[in-house]
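Here the structure is laid out as structure tokens; the discussion comes afterwards.
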Amino acid sequence: MFRKGNFGVIFSSITLFVALAAGSSFAGNTYVARMEIHSFQSVTLTDKQFLTGEKNGKPVTLVGELRLPRPGNKQPVVILLHGSGGIIGFITDWERDLNAMGVATFVIDSFTPRGIDNTRDDQSQLGRLAMIIDAYRALELLSKNPRVDPARIAIMGFSRGGQAALYASMKRFQRMYGPTNLEFAAYIPFYPNCSTTYKLDNEVADRPIRIFHGSADDYAPVAPCRNYVERLKIEGKDVQLTEYAGAYHVFDGQEFKKPVKLEKGQTVRQCQLAEAENGVIINVKTKEPFTYADPCVQRGVTIAYDEKASTEARKAVKNLVTTILKP
Numbered sequence: 003m004f005r006k007g008n009f010g011v012i013f014s015s016i017t018l019f020v021a022l023a024a025g026s027s028f029a030g031n032t033y034v035a036r037m038e039i040h041s042f043q044s045v046t047l048t049d050k051q052f053l054t055g056e057k058n059g060k061p062v063t064l065v066g067e068l069r070l071p072r073p074g075n076k077q078p079v080v081i082l083l084h085g086s087g088g089i090i091g092f093i094t095d096w097e098r099d100l101n102a103m104g105v106a107t108f109v110i111d112s113f114t115p116r117g118i119d120n121t122r123d124d125q126s127q128l129g130r131l132a133m134i135i136d137a138y139r140a141l142e143l144l145s146k147n148p149r150v151d152p153a154r155i156a157i158m159g160f161s162r163g164g165q166a167a168l169y170a171s172m173k174r175f176q177r178m179y180g181p182t183n184l185e186f187a188a189y190i191p192f193y194p195n196c197s198t199t200y201k202l203d204n205e206v207a208d209r210p211i212r213i214f215h216g217s218a219d220d221y222a223p224v225a226p227c228r229n230y231v232e233r234l235k236i237e238g239k240d241v242q243l244t245e246y247a248g249a250y251h252v253f254d255g256q257e258f259k260k261p262v263k264l265e266k267g268q269t270v271r272q273c274q275l276a277e278a279e280n281g282v283i284i285n286v287k288t289k290e291p292f293t294y295a296d297p298c299v300q301r302g303v304t305i306a307y308d309e310k311a312s313t314e315a316r317k318a319v320k321n322l323v324t325t326i327l328k329p
């Protein structure tokens, strides 16, 4: 199942997931009836390759952890996509919360098998769209698992993973890379980057899209998401943006009760980007192909927990999950 040369990387990922599960199978009052570790094939593409529909990127074997909160078959699942820091504490907190709702979770490690620790200081290590393919491949994988209901699989992502969860809803991308006759039941992006305008990005799935963001976010500011949501609403799409006043990036991460300033954290908060011809992402201001050397790219971002925002967002997600996935 593992390709030659990747065994060490994949073994490390499996060890991580097993360690996480062993420490939290009985977190709070949540009982995880079964845990499964799955490897699956994906591909690493640059954004240009992705946007031009190329299929022959660099193959990669990814690993995901499936936690099933109860015995039996045909359970709803939420796929979780991590952010630039990789899988950290608040991701496992969401696993616990969703499992407590009776919803299974599938956490994908998109970094370790690619030899990436994190992308905070260097976002160029992985294309911004690559994790969308990971999500589609995971959807296909889970749809074949007898313990999972393929009609009740949602996607939820955070920051970089939130961007993937948001744009995985685009019908164009689904046609290019998604599984046939299968789509997510809901899209739940937390503080995604919305600064890039893609061709046909107003054509999205006719499923709920629920975005959660903070007004004080200086990593991936909320303003471009406001504009995108308004464009989608004009098209009659089922999309909502919930904005929390004064909340920073990762407002749902309790490990950041003391705000953390990432002095080298790389951000495109001052950039306005757009897809041009042949899959090239351009800087709208300069009309030139975008690179992370552009003057609009800045450093220095804040991540901080916000108890009120986190509590309200968790209630909203619970209501959405209960309504859509019907655990």
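One point on numbering: in our numbering, the residue at position 243 of the sequence shown is 245, and numbering is uninterrupted. All residues carry an ideal CB built from backbone N, CA and C; glycine is no exception.
Residue environment, residue i, which counts as buried when at least 16 other CB atoms sit within 10 Å
i           : result
residue 91  : exposed
residue 301 : exposed
residue 177 : exposed
residue 3   : Legend: pLDDT at residue 3 = 30, less than 50; position of this residue unreliable, value from coordinates given subsequently. The residue is exposed, with fewer than 16 neighbouring Cβ atoms inside 10 Å.
residue 61  : exposed
residue 310 : exposed
residue 185 : buried
residue 312 : buried
residue 89  : buried
residue 67  : buried
Start-to-end residues for the alpha helix (DSSP H) that takes in residue i
i           : result
residue 63  : Careful: residue 63 lies outside any alpha helix (DSSP H), inside the beta strand (DSSP E) at 60-70.
residue 90  : First-last for residue 90: undefined, no H or E at that position.
residue 52  : 49-53
residue 230 : 225-236
residue 323 : 309-326
Pairwise C-alpha distance: residue j and residue i
i           : j           : result
residue 199 : residue 275 : 6 Å
residue 269 : residue 112 : 20 Å
residue 162 : residue 241 : 19 Å
residue 212 : residue 159 : 11 Å
residue 316 : residue 188 : 16 Å
residue 291 : residue 267 : 22 Å
residue 197 : residue 74  : 42 Å
residue 277 : residue 231 : 18 Å
residue 263 : residue 94  : 22 Å
residue 63  : residue 42  : 6 Å
residue 279 : residue 47  : 18 Å
residue 37  : residue 298 : 44 Å
residue 71  : residue 236 : 39 Å
residue 173 : residue 206 : 5 Å
residue 183 : residue 44  : 19 Å
C-beta contact flag for residue i and residue j at 9 Å
i           : j           : result
residue 215 : residue 257 : no
residue 175 : residue 234 : no
residue 154 : residue 328 : yes
residue 109 : residue 323 : no
residue 137 : residue 170 : yes
Endpoints, the beta strand (DSSP E) within which residue i is located
i           : result
residue 285 : 283-285
residue 277 : 275-277
residue 41  : 36-46
residue 332 : The requested residue 332 is not part of the displayed model; the chain covers only 3 to 329.
residue 293 : Note, residue 293: premise wrong, no beta strand (DSSP E); not H, not E.
residue 263 : 262-269
Contained alpha helix (DSSP H) runs [length at least 4] in the segment 158-205, N- to C-terminal order: Runs found: 162-169 and 173-179.
Runs of alpha helix (DSSP H) wholly within the segment 71-131 (minimum 4 residues, chain order): For the segment 71-131, whole alpha helix (DSSP H) runs of length 4 or above, ordered along the chain, are 91-102.
Could you give the uninterrupted runs of the alpha helix (DSSP H) lying entirely in the segment 128-154, keeping only those of 4 residues or more? For the segment 128-154, the continuous alpha helix (DSSP H) assignments of 4+ residues that do not extend past its boundaries occur at 132-145, in sequence order.
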